[in-house]
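Just below is one structure, and these are the notes that go with it.
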Amino acid sequence: IYVLISVLYWCSLTNFIYHKNIYISLIMILISTEIFMLIISLLNNGISWYLCLVMPYVLITWIYVFICVLFIKKKKKHLLRYVSISIILSSVSLIGIECGIDLFCDEFISLTWSIYASIPIIVIGLLLFILSFNSNLIN
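Pasting the structure below:
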């Protein structure tokens, strides 16, 4: 069953990658990933694990990718600005993922590792954002 589900999932991903509208492709990839993980959790009697941990994690990751695709599709001059904002948003995603893990494991939020990972990411993102306003660097 696992092999069959994996093959169907892979076929759905490759099918949606070649779709002309990237936003429809992203939505369909989210749905197929959620269904794939749901079936795996049902086969392992882990529906609570799926609902409390996997589903929010996949959704947070998908929202981050969707926002990054929105920035990339704008096709304006300020690509470095969009990259810096995407880097900063990745730290927000890390904090959201740790909140979900903490709520699932400990039933309260105690931010530890995501803060240590987010601080340098935010600093790098802010530096890139400030550098993006330098017209000599861009041209």
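With my numbering, letter number 53 in the sequence shown gets 840, and the count goes up by one each step, no holes. For each residue, glycine too, the CB sits at the ideal point set by N, CA and C.
Query: For residue 807, which of helix, strand or coil comes out of DSSP?; Result: coil
Query: With three or more beta-carbon pairs closer than 8 angstroms as the criterion, would you say the stretch 863-872 touches the stretch 900-918?; Result: yes
Query: On a CA-only basis, which of 857, 810 and 828 is nearest residue 789? Give me that one, please.; Result: 828
Query: Which one of 817, 884 and 838 has the shortest CA to CA distance from residue 804?; Result: 817
Query: Output the distance between the C-alpha atoms of residue 838 and residue 856, rounded to the nearest integer angstrom.; Result: 26 angstroms
Query: What residue range is occupied by the uninterrupted alpha helix (DSSP H) comprising residue 859?; Result: 842-860
Query: Relative to the C-alpha of residue 840, which residue among 893, 792 and 922 is closest?; Result: 893
Query: Grab the span of the alpha helix (DSSP H) containing residue 916 for me, first residue to last.; Result: 900-918
Query: Give me the residue from 854, 858 and 791 with the minimum Cα distance to residue 814.; Result: 854
Query: Assuming residue 898 and residue 882 are in contact, meaning their beta carbons sit under 8 angstroms apart, how far apart are those beta carbons, in whole angstroms?; Result: 7 angstroms
Query: Could you have a look at residue 823 and say whether DSSP puts it in helix, strand or coil?; Result: helix
Query: Go ahead and pull the three-state DSSP assignment for residue 894.; Result: coil
Query: Quick one: residues in its chain with C-beta nearer than 6 angstroms to the C-beta of residue 901, no 5 flanking neighbours on either side, listed in chain order?; Result: 881, 882 and 885
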